[in-house]
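J.: Below: one structure in structure tokens.
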Amino acid sequence: MRIKLGVVFGGESVEHEVSIISAVQAMNKIDQEKYDVIPIYITKEGEWYTGNMLMDVEVYQDLDLIKKYANNVVLYKKDGAFVLQNKGLFKKIVTDLDVIFPITHGTNVEDGILQGYLQTIGIPYVGPNVYAAVVAQDKAYMRDIFKANDLPIPTYTWFYDADYKNNPDEVIEKIEKIKYPVIVKPATTGSSVGIGVAKNKDELIKAIEEAINYDSKIVVEEVIKNLMEVNISVLGNYESQETSVIEEVLSKSAFLTYDEKYVGSGKVKGKLGAKVTPLKGSKGMASADRKIPADLTDKMTKEVEELAIKVFKVLGNSGNARIDMLIDKKAKKVYVNEINSIPGSLAFYLWDPKGKDYTELLDDMISIAIKDYKRRESKTHSFNTNILQGFARNGLKGMKGKLQNK
Ligand SMILES: Nc1ncnc2c1ncn2[C@@H]1O[C@H](COP(=O)(O)OP(=O)(O)O)[C@@H](O)[C@H]1O
Ligand SMILES: [Mg+2]
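Structure below.
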């Protein structure tokens, strides 16, 4: 019997369109003999749709078409099964599902929020669990955890927009303990949205004021010089991992902008945060200018691989995450920049040279999810307690001591 696999994508995120591209690519590569692929598209307004038409990238040019012909559904647990149910008058069950595969990028969908919903229902799902996803989406949490685990990262600090509004001098003073130039990043946006480099105080103020348009948490860190950017993927879970080849990201501008990442021209220096709809002709993350494998010595390759596994494990990741690193070529020093828990194009192009084609990669990811689910189920989640009986007998007063000990 084929496994019913619900591929969830879209959602309320600036990376909505990129997610559509990643998901459509993947759905067309999933082994159809083994899996029955059910597309589940979340609109920017948070409505869920299903239907075979959603496997074609062209339909996303016309949302009205989707609203008219696709099924508007909810996902929930009914009589022990996970179902997609029509929201229309007749509330028909469209299909049941065995596993969910989120191919989602950015806030609300890659950051643990969607994962929390899936886990609340209890359905097995592919990729990071809630905890790993939350930390991977937040550049401040991520750095705090990397630092606590002695992983090499650029010197950084972070603050809230409210801190800056209340006392800008104190925030700037804290930042200026780091030497200029510094890079200012909204903690959770992704895709280079709202990021800026500052060489002095004036530029810093400008960069902060830009960044706080996007997020209430801002990270500032030293700019790594003699920069070489490399990415590597790790596939597995906390128990076992394998690494992909390493790619070098080639970019003509100071850093990768949204346009470069997704619109597919390394030559166009995109305006930061420009609103682009990278649908037609875009190849998602697979389109940025890159060199595979990266030009690294064996020693450096090993260092990057080992570091990537440490990062993956520290966050308790699962699935296939891409870990991005910054290398100071002169100092031969490797820094962790970030982890993408659901990378663009699922970073399939990093596995192909290792002899793992996209279909096999997707199959591995789903197998890992099922293993994780079984392990989760085998752990004790509840234990018998008479606390409710006690509550009924004694009322709130009698329970006070017990509740305080919680
Ligand atoms: N500390 C740094 N030093 C030098 N360049 C950096 C640094 N941090 C980020 N960059 C550049 O900015 C780009 C975007 O930053 P990143 O933190 O990866 O954010 P995003 O989530 O938008 O990908 C990186 O790919 C890199 O080119
Ligand atoms: Mg990045």
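Just add 237 to wherever you are in the sequence shown, counting from 1, and you've got the working numbering.
A virtual CB, placed ideally from N, CA and C, is assigned to each residue, including glycine.
Would you tell me roughly how many angstroms separate the C-alpha atoms of N621 and G353, rounded to the nearest one?
T.: Each residue's Cα considered, the two are about 25 angstroms apart.
J.: Under 6 angstroms Cβ to Cβ from P580, same chain only, skipping five residues before and after it: list those, please.
T.: Excluding residues within five positions, the ones whose Cβ falls inside 6 angstroms are R559.
J.: Since A373 contacts P365 with CB under 8 angstroms, what's their CB separation in whole angstroms?
T.: That pair is a contact at about 6 angstroms.
J.: Report yes if the CB atom of D299 is closer than 8 angstroms to the CB atom of A318, and no otherwise.
T.: Going by C-beta atoms, D299 is not nearer than 8 angstroms to A318.
J.: Does the beta-carbon of K561, which I'm using as the reference point, lie nearer than 7 angstroms to any heavy atom of ligand 2?
T.: Rather than Lys, the amino acid found at residue 561 in this sequence is Asp. Result yes, Cβ under 7 angstroms from ligand 2.
J.: Assuming contact is defined by CB atoms lying nearer than 8 angstroms, are I461 and T538 in contact in what I supplied?
T.: Result no, Cβ atoms of I461 and T538 do not sit closer than 8 angstroms.
J.: Which same chain residues, not among the five before or five after K315, have their C-beta less than 8 angstroms away from its C-beta?
T.: Within the same chain, K315 has close Cβ partners Q322, I330.
J.: So does E542 have its beta carbon nearer than 7 angstroms to some heavy atom of ligand 2?
T.: Because no heavy atom of ligand 2 lies under 7 angstroms away, the Cβ of E542 does not count as near it: no.
J.: Is N463 near ligand 2, in the sense that its beta carbon is under 7 angstroms from a heavy atom of that ligand?
T.: Checking the Cβ of N463 against ligand 2 gives no.
J.: Give every residue of the same chain whose Cβ lies closer than 7 angstroms to the Cβ of L599, excluding the five residues on either side of it in the sequence, and list them in chain order.
T.: For L599, where only same-chain residues beyond five positions count, the Cβ hits under 7 angstroms are A263, K266, I267.
J.: According to the neighbour-count rule (16 or more other Cβ atoms, all chains shown, within 10 Å of its Cβ), is L587 buried or exposed?
T.: L587 should be labelled buried.
J.: What does the alpha-carbon distance come out to for the pair H253 and Y278?
T.: Cα to Cα, H253 sits roughly 10 angstroms from Y278.
J.: Reducing DSSP to helix, strand and coil, say where K411 ends up.
T.: Reduced to three states, the DSSP call for K411 is helix.
J.: Out of V320, E295, N289, V294, which one is the CA nearest neighbour of A307?
T.: The candidate whose alpha carbon is nearest that of A307 is N289.
J.: Apart from the five residues just before and just after L312, which ones in its own chain have a Cβ nearer than 6 angstroms to its Cβ?
T.: Closer than 6 angstroms at the Cβ level, and outside the excluded window around L312, lie L321.
J.: Return the Cβ separation of I564 and M465 in integer angstroms, given the expectation that the two are a contact with Cβ distance under 8 angstroms.
T.: Right, the Cβ-Cβ distance comes to about 4 angstroms (below 8 angstroms), so this counts as a contact.
J.: Please check the pair V245 and T341, which I expect to be a contact at CB under 8 angstroms, by giving their CB distance rounded to whole angstroms.
T.: Yes, V245 and T341 are in contact; Cβ-Cβ is about 6 angstroms, under 8 angstroms.
J.: Would the beta-carbon of S578 be found less than 7 angstroms away from any heavy atom of ligand 1?
T.: No, the beta carbon of S578 sits no closer than 7 angstroms to any heavy atom of ligand 1.
J.: In chain order, what residues of the same chain have a beta carbon less than 7 angstroms from the beta carbon of E447, not counting five sequence neighbours either side?
T.: Correct list, in chain order: G431, G433.
J.: Compare the beta carbon distance of Y368 and R380 with 8 angstroms and say whether it is the shorter of the two.
T.: In this structure, R380 does not lie closer than 8 angstroms to Y368 by Cβ.
J.: By DSSP, does M238 sit in helix, in strand, or in coil?
T.: Coil, per DSSP.
J.: With DSSP as the reference, label S490 as helix, strand or coil.
T.: With a pLDDT of 47 at S490, under the threshold of 50, the modelled position of that residue is not reliable, and the figure given next carries that caveat. In the structure shown, S490 sits in coil (DSSP, three-state: anything other than H, G, I, E or B).
J.: Taking all protein chains shown into account, decide if E543 is buried (16 or more other Cβ within 10 angstroms of its Cβ) or exposed.
T.: When all chains shown are included, E543 counts as exposed.
J.: Just how far apart, CA to CA, sit F327 and R239?
T.: C-alpha separation (whole angstroms): 27 angstroms.
J.: Tell me the residue span of the alpha helix (DSSP H) that contains K314.
T.: First-last for K314: 308 to 315, but that is the beta strand (DSSP E), not the alpha helix (DSSP H).
J.: Could you tell me if G325 is buried or exposed, where buried requires 16 or more neighbouring beta carbons within 10 angstroms of its beta carbon?
T.: Exposed, since its Cβ has fewer than 16 Cβ neighbours within 10 Å.
J.: On the DSSP letters alone, give me the boundaries of the beta strand (DSSP E) that F549 sits inside.
T.: Unbroken run through F549 is the alpha helix (DSSP H), 535 to 551; no beta strand (DSSP E).
J.: Reducing DSSP to helix, strand and coil, say where D406 ends up.
T.: Three-state DSSP puts D406 in a helix.
J.: Does ligand 2 have even one heavy atom less than 7 angstroms from the beta-carbon of E575?
T.: The answer is yes for E575.
J.: Out of I275, L552, P423, point me to the one whose CA is closest to A385's CA.
T.: Taking only the C-alpha atoms, the option nearest A385 is L552.
J.: Check whether the Cβ atoms of A377 and V457 sit closer than 8 angstroms, and answer yes or no.
T.: The answer is no: Cβ separation not under 8 angstroms.
J.: L302: buried (16+ other C-beta within 10 angstroms of its C-beta) or exposed?
T.: So L302 counts as exposed.
J.: May I ask you to check if the CB of S429 is nearer than 7 angstroms to at least one heavy atom of ligand 1?
T.: Checking every heavy atom of ligand 1 against the Cβ of S429, one is found closer than 7 angstroms.
J.: Quick check on this structure: which residue in R613, S619, Q269 has the alpha carbon closest to the alpha carbon of G359?
T.: Checking every option, the nearest Cα to that of G359 belongs to R613.
J.: Give a yes or no on whether the C-beta atoms belonging to G243 and I337 are separated by under 8 angstroms.
T.: Their beta carbons are under 8 angstroms apart, which means G243 touches I337 by this criterion.
J.: Can you give the Cα-Cα distance for I603 and K414, rounded to whole angstroms?
T.: So the alpha carbons of these two residues sit roughly 46 angstroms apart.
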